[in-house]
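Chains as they are written, first to last, in our numbering: chain A, 4 to 227; chain B, 4 to 227.
Heads up, the beta-carbon is just placed ideally off N, CA and C, and yes, glycines get one too.
The structure under discussion appears below in the form of structure tokens.
Protein chains: 2
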Amino acid sequence: MHILIVEDDAETGQYLERGLREAGWDTQWHDTPQAGILALSSHSFDAVILDRMLPGMDGVDALRLIRAANVDTPVLMLTARTSIDDRVEGLEAGADDYLIKPFALSELIARLKIITRRPKHVVEETQLMLGALTLDRVQRTAHRGDVALDLSPLEFKLLDYLMQHPGEVVTRTILLEKVWGYRFDPKTSLVQTHMSRLRAKVDKPFDTEMIRTVRGSGYVISAQ
Amino acid sequence: MHILIVEDDAETGQYLERGLREAGWDTQWHDTPQAGILALSSHSFDAVILDRMLPGMDGVDALRLIRAANVDTPVLMLTARTSIDDRVEGLEAGADDYLIKPFALSELIARLKIITRRPKHVVEETQLMLGALTLDRVQRTAHRGDVALDLSPLEFKLLDYLMQHPGEVVTRTILLEKVWGYRFDPKTSLVQTHMSRLRAKVDKPFDTEMIRTVRGSGYVISAQ
DNA sequence: AGAAAGCGTAACAGACTTGTAACAACAACA
DNA sequence: TGTTGTTGTTACAAGTCTGTTACGCTTTCT
């Protein structure tokens, strides 16, 4: 899950980044609405945290711009104001929720979880299984049989995405979009490199390979 | 499936080419409407991705030209504009769908699948079977009995096309058009060569031949 | 029978793909 | 502050794919 933070106050921005990262989200923080909108056009986000008061442009105007561009990423507004008029203005401009400063991080996380909940109410599995391979999203651990796999955060996300699509070709471009949040070709062997590292832990120490390369496309994970 | 991309921005064009190729489509990218229209007359496409803003000619005008020439290939428009007027103009000129930039590749692929779906409620099979021969389009694997066939991407496409037309003579010209996207005679033994390679994997290791040559026409695949 | 056309396949070369090691930048942490 | 782990980039080797050419076999036709 990728969260875009648009907040001009450095202290709040860093606090949000750290808090959300620890909760397992990826964040990108920008301190101007212009930079935020630019980020939205080149990366894929699951939600936006938008400050109401921003330098140069009101947060509500920024939101209107975003919605006018047909971007329907959920937006949570942060506001210091309390009047009903202000809330209404934000919600009418297309915000999904708002939070009044100062706020508790736990409440922010709870509200983020609500607005990022997929409309198709896909039940978020906490544990994925594929043959002898298991992945626990709560504990952030992965096992193959009894062996614990010591994965880096990125490797974990990569394996997580693959395991959500067992027996299906997952292309490199889709991985870039879903795992890295990229909407461009990095023109490097980024995916290959990390797939190589993941395989070194998931496949190499065992006799059967679960990750197969599909030349010209990407990779498939499957049992057996 | 062959997709024509008409997009003047090189980065977007290459990104589209890569993403669609990995997803199993063949692409041809042109950066001017003139080149795109020319390509339409010499090659066979299942869909066109057309940028709204093109050098020298508006994408909508290019689309009108295409439709005026009685080409009814599905067209998906890419537009940076958002007003309802622009959408209506594109759709009225004959676009089948539109997508507002910036877009996620996964959404583009989903929309392409919709507009290329054949009008006659033909359900896209994910698995083809013919006697002991099976072909899985999702996993991109082919088997004859229990034996996995290790096919190159081109061989896979060739077998896929043959298996869509069991017991039917498939001519070389049709293969050139459907598998290679050619509308001209390469004057080489291109088809023969690849058919030979395919047979070496599909027929040679087994006692019965499934691919038969029809002299003067092409090939037939059938059980027994 | 002989000629011509159709076909199969081996060999080749060039282009492209892929996996991996090595390195640099950076953040986390004690 | 140094250490450790993570991540992205570069470089390179190995392997794969694909179109062309060449050549021999088979079929067809006169």
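Worksheet entry | Whole-Å CB distance - residue 97 of chain B paired with residue 82 of chain B, under 8 angstroms assumed | The Cβ separation is near 15 angstroms, so there is no contact.
Discussion item. Can you confirm whether the segment 160-176 of chain A touches the segment 135-143 of chain A when touching is taken to mean that 3 or more C-beta pairs between the two stretches lie within less than 8 angstroms?
Written reply: yes
Worksheet item: CB-CB under 7 angstroms to residue 216 of chain B, same chain, minus the five flanking residues each way: which ones, in chain order?
Response: 222
Worksheet item: Hey, out of A:112, A:182, A:148, whose CA is closest to residue 21 of chain A's CA?
Response: A:112
Fill in: Neighbour-count burial assignment, residue 211 of chain B, 16 or more Cβ in a 10 Å radius
exposed
Worksheet item: Count the other CB atoms within 10 Å of the CB of residue 10 of chain B; is the residue buried (16 or more) or exposed (fewer)?
Response: With 16 or more Cβ atoms within 10 Å of its Cβ, residue 10 of chain B is classed as buried.
Practice prompt. Please classify residue 46 of chain B: does DSSP put it in a helix, a strand, or coil?
Written response: coil
Practice prompt. Using a Cβ cut-off of 7 angstroms (strictly closer), state whether residue 191 of chain A contacts chain B.
Written response: no
Practice prompt. Over the uninterrupted alpha helix (DSSP H) stretch that includes residue 198 of chain A, give me the two end residues.
Written response: 193-205
Worksheet entry | Contacting positions in the segment 152-177 of chain A - beta carbon closer than 8 angstroms to chain B | 170, 171, 172, 174, 175, 176, 177
Worksheet item: Residues in the segment 7-37 of chain A with C-beta within 9 angstroms of chain B's C-beta atoms, listed in sequence order?
Response: none
Worksheet item: When the Cα atoms are used, what is the spatial distance from residue 77 of chain B to residue 69 of chain A?
Response: Our two residues, residue 77 of chain B and residue 69 of chain A, have alpha carbons roughly 29 angstroms apart in a direct line.
Fill in: Buried or exposed by the 16-neighbour rule on C-beta atoms within 10 Å, applied to residue 275 of chain A
It is not possible to answer for residue 275 of chain A, since the shown part of chain A is limited to 4 through 227.
Worksheet entry | Contacting residues, own chain, Cβ-Cβ under 6 angstroms from residue 5 of chain B (five flanking each side not counted) | So the list reads 29, 48, 49, 184, once near-sequence residues are dropped.
Worksheet item: Is it the case that the Cβ atoms of residue 133 of chain B and residue 204 of chain B are separated by a distance below 7 angstroms?
Response: no
Discussion item. I want to verify the contact list: residues of chain A whose CB lies under 8 angstroms from the CB of residue 107 of chain B, in sequence order.
Written reply: 47, 180, 186
Worksheet entry | Three-way DSSP call (helix, strand, coil) for residue 53 of chain A in this model | Strand, per DSSP.
Practice prompt. Take residue 131 of chain B and list the residues in its own chain whose beta-carbon comes closer than 6 angstroms to its own, dropping the five residues that flank it on each side.
Written response: 138, 166
Fill in: Closer than 6 angstroms: residue 213 of chain A CB and nearest the ligand NAD heavy atom
This structure lacks the ligand NAD; in fact it carries no ligand of any kind.
Fill in: Among B:25, B:14, B:34, the one whose alpha carbon lies nearest that of residue 7 of chain B
Among B:25, B:14, B:34, the Cα nearest to that of residue 7 of chain B belongs to B:34.
Worksheet item: Could you give the distance in angstroms between the alpha-carbon of residue 197 of chain B and the alpha-carbon of residue 188 of chain B?
Response: 15 angstroms
Discussion item. Between which residues of its own chain and residue 224 of chain A is the CB-CB distance below 7 angstroms, once the five residues before and five after are set aside?
Written reply: 133, 165, 166, 169, 213, 214
Worksheet item: How many Å lie between residue 177 of chain A and residue 46 of chain A at the Cα?
Response: 13 angstroms
Worksheet entry | Spatial distance of residue 154 of chain B from residue 161 of chain B (CA atoms) | Distance from the CA of residue 154 of chain B to the CA of residue 161 of chain B, rounded to the nearest whole angstrom, comes to 10 angstroms.
Item to complete: Within the same chain, show all residues whose beta-carbon is closer than 6 angstroms to that of residue 194 of chain B, passing over the 5 residues directly before and after it, in chain order.
Response: 175, 178
Worksheet item: Using the beta-carbon of each residue, which ones in chain A are nearer than 8 angstroms to residue 142 of chain B?
Response: 170, 171, 172, 223, 225
Discussion item. Here's the rule: buried if 16 or more other CB atoms are within 10 angstroms of the residue's CB, otherwise exposed. What is residue 186 of chain A?
Written reply: buried
Discussion item. Let me see if you follow: with CB-CB separation under 7 angstroms, is residue 217 of chain A close to chain B or not?
Written reply: Cβ-Cβ to chain B under 7 angstroms: yes for residue 217 of chain A.
Worksheet item: In chain B, which residues lie less than 9 angstroms from residue 72 of chain A when you measure between Cβ atoms?
Response: 83, 85, 103, 104, 105
Worksheet item: residue 218 of chain B to residue 56 of chain B, Cα distance in whole Å?
Response: 49 angstroms
Item to complete: Just tell me which of A:72, A:71, A:66 has its CA closest to the CA of residue 99 of chain A.
Response: A:66
Discussion item. Can you check which of these residues, A:14, A:206, A:37, A:71, is closest to residue 61 of chain A by C-alpha distance?
Written reply: A:37
Worksheet entry | Cross-chain neighbours of residue 199 of chain A in chain B, by beta carbon under 9 angstroms | What residue 199 of chain A touches in chain B: nothing, since even the nearest Cβ is about 18 angstroms away.
Practice prompt. Kindly say whether residue 42 of chain A, judged by its beta-carbon, lies nearer than 7 angstroms to any beta-carbon of chain B.
Written response: no
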